[in-house]
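Chains as they are written, first to last, in my numbering: chain A, 1 to 450; chain B, 1001 to 1450.
These notes concern the structure reproduced below.
What follows is the structure in structure tokens.
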């Protein structure tokens, strides 16, 4: 669970080079000048948004990125976010039984309910690194806490990259003081870029909402590109708001909001050891009355905007799915429960045969039937209906009389494909997003690590 | 469940052209002479056995293949097997909720416990074809039954190929009388070829066993190549013995034997609508005393040989996995139950990231850790150990001190790769077979149907 899907406010793509702090970079990085630090390693996904959101300053949050050279050279790989005293936090994490040391740290820190700092590194996931990995997180938190004068438990840590390799923590701790000095309110683009691994574009979204007539802001960044690349893993997302929301309520909101966003998306069905979504509320924006319950009507606008922003970020991750050529929305109706509808939708979304058919521009609906059957969920084969786009391909368990191969062949040339399935047993629905399975995925993931 | 894995008796590859009956072929097929009927559509899998089993005649079974031209031209696509009166039968089928009409027919026919005929066609799965599809099976069974003078319920029917397209049953029923006339005891190679879809080699195995000192024979054929190809689906396997085994006992044996064979293999995690395994016992071989229980000691040799033959056929299917370049055996130890061990092994076997790493010759064990975590089954991250070949890559939750990238890089060049994982929580084990995920899989399944 907690897997990657897009669509809110957008503006022109950020042209400015990220502001990067390069403090005592490791040997290899020292010599040559940074070779276009904002150029991704792979060709930009054809599904990338045509423009990027421009995130405004957000009261109570300062950020900066730096180059620790942990794995990547000539680009930023450490993000530091500093939040105002009193910042509240909620989060959800990977369900993996082999979760990374930073995930375990964050889960524990969450019980403190308050956050002052976020430290993220890319290039090494600090996963499957035993006691040494736990020590790396502790040292990172200690070093950061000393800068802000907060408790280590108020420092949230996330790592993404290779699994199973020791993380040289000194590269981070040595760099933190300088990054800390450089933090500012405008470095959102830098932040989104510093956490990228095999991502081909930075993922950002912003929204504004009203609580009691007071205008508050929500900014979010994310990274992820499938579960991954040569051996990177992970979806990470960090969302910040200047609204004043107590951590218990924030936690309820994020747990609910993730269901139709990050948990309704899949690239390759693989679950990272490090998936992390954290939502921070500084309470330093426009004044509003205290928020008492997650479901109160006063929060309606904020909740709607937050959930839409989470979905926006999640779909951006799918748009950057490794090798993706098509963005696919799968909607299942007529299921006996919402959970059943989602399970069927994910069975279709994760089927290699469905995904390769879409890659080939083939509306091979027989494979959708197969995937419904494979899910193990209740479905009435003789009432099953399938639409691709607005075209009925199957009705009541057989090919639709008006089925048109020519229409479908044309429709499948689109970058965005909609599949609607009615399984004919109930009235529940669920929708998920995925991408196709292409030669690009094999090339990215089948290359030898080097 | 009931998904495809190899290893018994082998002899020289069959050179002879299949004996094919061509009765009133459809228009398209009529004109041109058959263009090399035994040449598969795709290049032969590099994992194909170096030699093929030569199946001996088996008392009480006669077979022949014919060309109905349902989808393929210039090759056989219908198999007819005629069994002696009194033949007993047991079977297992796909767990798909959208099973094909032939699967539903066979499940029902199985309750009769006796079998006289088997009719199989390739090229059209007769799945998701509604009432018309049911009628196709009924007509096929009626036509065949009339030839042998048996009940339609003693005719077993299987179809493999495109899903959702009407099957022109007349092409089969018109051809059956001529195929029936041509049946013989030696046409095993023809039989194995007639049921192929995107298979690149025919799958056959034979064994002999002793019951009470009497020597009996077991012959089996199978088809399958992933779940599929452009839009073929399905694993089919038919096993015949001249031993005298009552259907209840045969059913127990096949249900047990499938667990570590066809149900311990996966190519792409997709479950066909048509998977079918049938075992027929003619009772016409060397005389032995009546068999009373599946677990009696007198059956030990027969049971062992039957199970080994099922595994042989299942691994042959994996060796022909679409685009496969590596055959992979995954063994999970230290699990809290056998079911848990199998679930973890299948999570590793089905992980696109593990499969692409193997395709790229990359011993990327971090992805194995990921897949263990993703399975949701009990595992102790800090006791987890992984071996690839005989080389320890991870011990007690961290990279092994003697880890050698160079050794592994060499090992991964092999065609057959062994992965052993100990999850450190119990004493149960399970093993599965799979293949890698390559550009070949994308090419085969991403091509447009035409």
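Note that CB positions come from ideal geometry on N, CA and C, so glycine has one too.
query                                                                                                                                   : result
Proximity test, Cβ basis, 8 angstroms: residue 130 of chain A and chain B                                                               : yes
N-terminal and C-terminal residue of the beta strand (DSSP E) that residue 958 of chain B is part of                                    : Since the displayed chain B opens at 1001 and closes at 1450, residue 958 of chain B lies outside it and no answer follows.
Pair within 8 angstroms by beta-carbon distance, residue 1200 of chain B and residue 1044 of chain B                                    : yes
Interfacial residues, the stretch 354-372 of chain A to chain B, with Cβ spacing under 8 angstroms                                      : 356, 357, 359, 360, 361, 362, 364, 365, 366, 367, 369, 370, 371 and 372
Distance between residue 309 of chain A and residue 260 of chain A (C-alpha atoms, nearest Å)                                           : 11 angstroms
Three-state secondary structure (DSSP) of residue 338 of chain A                                                                        : helix
Amino acids of chain A, ordered along the chain, whose beta-carbon sits closer than 7 angstroms to that of residue 1224 of chain B      : Residues of chain A passing the Cβ test: none, with the nearest at roughly 14 angstroms.
Beta-bridge pairing of residue 1155 of chain B - partner residues as DSSP gives them                                                    : B:1117
Given 8 angstroms, three or more beta-carbon pairs between the stretch 395-409 of chain A and the stretch 320-335 of chain A            : no
Residue 217 of chain A versus residue 304 of chain A: straight-line alpha-carbon distance, rounded                                      : 13 angstroms
Neighbouring residues, chain A, relative to residue 1445 of chain B (Cβ below 8 angstroms)                                              : 352, 353, 356, 357 and 360
Residue from B:1191, B:1115 and B:1307 with nearest C-alpha to residue 1246 of chain B                                                  : B:1115
For residue 965 of chain B, the nearest candidate out of B:1065, B:1080 and B:1251 (CA to CA)                                           : Lying outside 1001 to 1450, the shown extent of chain B, residue 965 of chain B is not represented and no answer is given.
Extent of the continuous beta strand (DSSP E) run through residue 1394 of chain B                                                       : 1391-1395
Any chain B beta carbon closer than 8 angstroms to residue 381 of chain A                                                               : yes
Coil, strand or helix - residue 171 of chain A by DSSP                                                                                  : helix
Proximal chain B residues relative to residue 162 of chain A, where beta-carbon distance stays under 8 angstroms                        : 1366
Which residues DSSP lists as bridging residue 219 of chain A, in chain order                                                            : A:206 and A:240
Pick from A:154, A:357, A:249 and A:123 that is closest to residue 165 of chain A, judged by C-alpha positions                          : A:123
Proximal chain A residues relative to residue 1099 of chain B, where beta-carbon distance stays under 9 angstroms                       : 373 and 381
Contacting positions in the stretch 380-406 of chain A - beta carbon closer than 8 angstroms to chain B                                 : 381, 382, 384, 394, 396, 397, 398 and 399
Residue 292 of chain A burial status per 10 Å Cβ neighbour count (16 or more: buried)                                                   : exposed
Whole-angstrom distance between residue 1391 of chain B and residue 1403 of chain B, CA atom to CA atom                                 : 8 angstroms
Member of A:369, A:414 and A:386 whose CA lies at the smallest distance from the CA of residue 1100 of chain B                          : A:369
Host alpha helix (DSSP H) of residue 1101 of chain B (start-end)                                                                        : 1101-1109
Length-filtered (3 minimum) beta strand (DSSP E) runs lying within the stretch 1344-1397 of chain B                                     : 1385-1388 and 1391-1395
Segment contact flag, the stretch 183-190 of chain A with the stretch 1375-1391 of chain B, C-beta cutoff 8 angstroms, min 3 pairs      : no
CB contact below 8 angstroms: residue 1123 of chain B versus chain A                                                                    : no
Beta bridge counterpart(s) of residue 416 of chain A as assigned by DSSP                                                                : A:327
Reduced DSSP secondary structure (H/G/I, E/B, other) of residue 122 of chain A                                                          : strand
Helix, strand or coil at residue 1249 of chain B according to DSSP, with G and I counted as helix                                       : helix
Cβ separation of residue 1060 of chain B and residue 1084 of chain B, assumed to be a contact under 8 angstroms, to the nearest whole Å : 4 angstroms
Residues that residue 1062 of chain B bridges to, as DSSP identifies them                                                               : B:1082
Inter-residue Cα distance where the pair is residue 133 of chain A and residue 1342 of chain B                                          : 30 angstroms
Chain A contact for residue 1340 of chain B (CB, 8 angstroms cutoff)                                                                    : no
Proximity of residue 1148 of chain B and residue 1102 of chain B at Cβ, strictly below 8 angstroms                                      : no
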